[in-house]
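Visitor: Below is the structure I would like to discuss, written out as structure tokens.
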RNA sequence: GGGCGAUUAGCUCAGCUGGUUUAGAGCGUCUGCCUUACAAGCAGAGGGUCUGCGGUUCGAAUCCGUAAUCGCCCACCA
């Protein structure tokens, strides 16, 4: 380490230390008698690639885990990936399509073969990218939501919940994704405002001699084939005449009843609503109340089926155009208006969802909401930031049953087995395996069934049905409850995730945690913000505003990028990302690097005594360090990570580098005394430890070279020092030094203004009270030849004030009196105004009477300080002849 | 439509239960420096009537009301 480049080069050190950590198994954790600290990774999509959100999220997790490790806890961060059923299946279908293969041409087994190939080829890329970031995950424990252990657990839980009556199969209106031909949950639908049309259709009244008709406004004329009623509000006077009539569905010619329901908004359109129970949630509800026929007019891919008549086989949007034209031609279209409405889309395929009645599997959520709400409200599980408690509560209080089945192949296959019962009807059993299902079916039906008599449900489970067990299945807590690992690591410590999946995932993990372990899955949930670009836009592929994280690491180093993200990321706040943040991180690395070069470049000499300035500097810095340790603890405890980092940043850059190192720096070419040197190294060592969770690579590199280290030793396991509570004299020491800084800044300003080089020594004149404790430092940093107390400062001098004390530097040339007077007068004016404010307060009897004594005393102190200062300024002005 | 949150320096944000704050920080800006660790640097400086209005109080960036603007979540009126 003798010849160190003047710039830190992250490429040279990052891979080296990551390999070192891996080789020595430093990320691995096993249960022992230490206090555990555990984080489970929010499993990214197995086929995904790293984006800025992951960077942010995983940097935070790594900081927490590394810090816990350095606090002597047994820290474990479990990595893994998610099979992302819909996303992956969509990608595989697309890839097969490129090769001219249709999913429908493949068997389930063949398709799964392709999906596994895809997973093997693309899977895990994201995990290797995390290593570049420095993530200290225990890779030995890498899990996958679709691996054997997790799969078995999922099936077991499904069967268990079914047996408990918490899972049921039912015909429900679900959100249907016609592209993937699957149901999706409400949470997987997003709504978008759209400019569309509102069509006014004529429904002639059957058998009306006057040939009258009702007008119905709809955005979806293509669904008229499914109409089974028209609905009006019973209180609507303008539609009174329609009561009890029947109307004719336009084009279709079918007669339907006019029903009455207060659900209908009289103000909307004409107050007449067409009811299509098969294709709209509210219509379904009306259909049920009024016992209407249900006509499903769509195929699985949202083309019209045989009920569509001449439109059968055509896509819903095409049919909309055709029908609109036909209606127009037939004179059945009253008018068409522009209209803006919200249309639901599938999050995954971006295709407009179709409400559709189908047989699906559901979980009864009421029970789960009851067990999962109180612990969050009572802060047994602490949400950071707290505002999400509200969001959580509202969701829990309005909980809907969870549709867990998907018409997909890639995922955990639903363990329901269908067979034909003795009476010829289809029935099913739920069991963990085909064998058990057969036994059960035979027992229940009394029939001589064979394996061929049963066929398993074709559907798969929602991915979140495996994710919600994640903190449990990672420790095999479903198949082997109460085992050593789950007992030790569970509940985990902190979950770090985005607020966008608070319902998908966080809430459901809490439910599963209480249901299956009887305890919360984690003690804290840290919700990160969304990474946006500096214009505040979400980062997205289509906008092209998302930087490639690995390229950023190349440019700024992993430590630089980590720091860049952390600087701008208070919990729950979105971060406006800009490369300049990473630049700041990189610059800081360079600063640390160069401080190290300076310190390690010093020769030591045991024979020289410690200079007074160095002794005082070291003493002060120890106080300052101790103070910042306390601050760091406090901020990290509140998950105020960016502020914590900033505190250490300032400690290193301002206090350590700009002050301590300059104070103790030996004259050029001369050695430093041993005592000071040791103290500086010890301070450096602590600083590196404080920084390590944030910037693991550079701190390891320098820590290794700071002292001789044992083979295999790492900063990762170096203990963070505890701060000393109430260190005697700390507050005074820090305050005294702050005053010193002001005096030195005053001297530097004079040097700058008068263009006096630093190497020319100055005399400092003091008029007023002055604490001389730190004079040795003052002399060195100011390059003073003398500090003299005076009654009157000479005319040929330039002065500045610190508190009520006037400091002056005698000059050879005349000062600019005008300028000086102007400055003093401005100061005087300010002080007078301030004093007036204080005195106004103090002369207010009610203030003196009702404010606490402490506050009044403070105001009096302000008053006397200001008076003192004003006197000093006036004296200075008088000396200038004013 | 309902709910939540925000608005403090050019930018990003602290400021916690009203008074130790004469409103702070980082970055950027301006000025002077290639001073023997670092120009990815050093030193110095400037910059805010705390979104508007009203109220409570001896005292308000802080509490209450109200308006505006922005953001998010929930609902999904055809």
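Residue numbers (the working numbering): -15 to 866.
Beta carbons are placed, not taken as given, at the ideal position from N, Cα and C, and that holds for glycine.
1. In this structure, what does DSSP give as the bridge partners for residue 142?
2. Measuring straight from C-alpha to C-alpha, what distance separates residue 9 and residue 714?
3. Following the continuous beta strand (DSSP E) through residue 784, name the residue where it begins and the one where it ends.
4. Could you pull the start and end residues of the alpha helix (DSSP H) that residue 98 belongs to?
5. In three-state terms, what does DSSP make of residue 439?
6. What does the alpha-carbon distance come out to for the pair residue 39 and residue 198?
7. In the DSSP assignment, what are the bridge partners of residue 200?
8. Just tell me which of 81, 120, 58 and -8 has its CA closest to the CA of residue 43.
9. On the DSSP bridge assignment, give the partners of residue 868 in chain order.
10. Is residue 181 near residue 320, with beta carbons less than 8 Å apart?
11. Report the rounded CA-to-CA distance for residue 861 versus residue 812, giving the unit in angstroms.
12. Just how far apart, CA to CA, sit residue 469 and residue 463?
13. Would you mind reading off the limits of the beta strand (DSSP E) that contains residue 824?
14. Please list the segments of the alpha helix (DSSP H) lying wholly inside the region 451 to 507, counting only runs of 4 or more residues, in order along the chain.
15. What's the C-alpha gap between residue 782 and residue 792?
16. Count the other CB atoms, across all protein chains shown, that sit within 10 Å of the CB of residue 45; report buried if there are 16 or more and exposed otherwise.
17. Taking residue 159 as part of the beta strand (DSSP E), name the residues at either end of that continuous run.
18. Does DSSP put residue 733 in a helix, in a strand, or in coil?
19. Taking residue 790 as the reference, which of 179, 355 and 773 has the closest Cα?
20. Going straight from the alpha carbon of residue 604 to that of residue 545, what length do you get?
21. Can you list, in chain order, the residues of its chain with a C-beta nearer than 8 Å to that of residue 353? Leave out the 5 residues immediately preceding and following it.
22. State the CB to CB distance for the pair residue 747 and residue 729, rounded to an integer number of angstroms; the pair is presumed to be in contact (CB under 8 Å).
23. Spell out a yes or no on whether the region 532 to 548 and the region 674 to 687 are touching, meaning 3 or more CB-CB pairs, one atom from each, closer than 8 Å.
24. The alpha helix (DSSP H) that contains residue 680, what's its start and end?
25. Can you give me the C-alpha to C-alpha distance between residue 848 and residue 365, rounded to a whole angstrom?
26. In the DSSP output, which residue or residues are listed as bridge partners for residue 794?
27. Do you know whose CA, among 318, 432 and 855, lies nearest residue 815's CA?
28. Between the beta-carbon of residue 32 and the beta-carbon of residue 128, is there less than 8 Å?
29. How big is the Cα-Cα spacing for residue 441 and residue 201?
30. Have a look at residue 654 and residue 581 and give me their C-alpha separation to the nearest angstrom.
31. Just list the alpha helix (DSSP H) runs in the region 213 to 277, keeping only unbroken ones of 4 residues or longer that don't cross its boundaries, in chain order.
32. According to the Cβ coordinates, are residue 480 and residue 510 closer than 8 Å?
33. Are residue 629 and residue 579 touching if we call contact CB-CB under 8 Å?
34. Can you give me the C-alpha to C-alpha distance between residue 718 and residue 551, rounded to a whole angstrom?
35. Is residue 438 closer than 8 Å to residue 427 when the C-beta atoms are compared?
36. Assuming residue 176 contacts residue 327 under a Cβ cut-off of 8 Å, what Cβ separation, rounded to an integer in Å, is found between them?
Guide: Per the coordinate set shown:
1. Looking at the DSSP assignment, residue 142 forms no beta bridge with any residue, so it has no partner.
2. 41 Å
3. 781 to 786
4. 92 to 106
5. strand
6. 59 Å
7. 185
8. 120
9. Residue numbering for the chain in the displayed model covers -15 to 866; residue 868 lies beyond these limits and cannot be assessed.
10. yes
11. 10 Å
12. 13 Å
13. Segment 801 to 827 is the alpha helix (DSSP H) holding residue 824; no beta strand (DSSP E) there.
14. 454 to 457, 468 to 473 and 492 to 500
15. 5 Å
16. buried
17. 151 to 161
18. helix
19. 773
20. 32 Å
21. 380, 381, 383 and 495
22. Incorrect: roughly 18 Å between the Cβ atoms, too far for contact.
23. yes
24. 680 to 690
25. 51 Å
26. 781
27. 855
28. no
29. 41 Å
30. 16 Å
31. 265 to 273
32. yes
33. no
34. 26 Å
35. no
36. 6 Å
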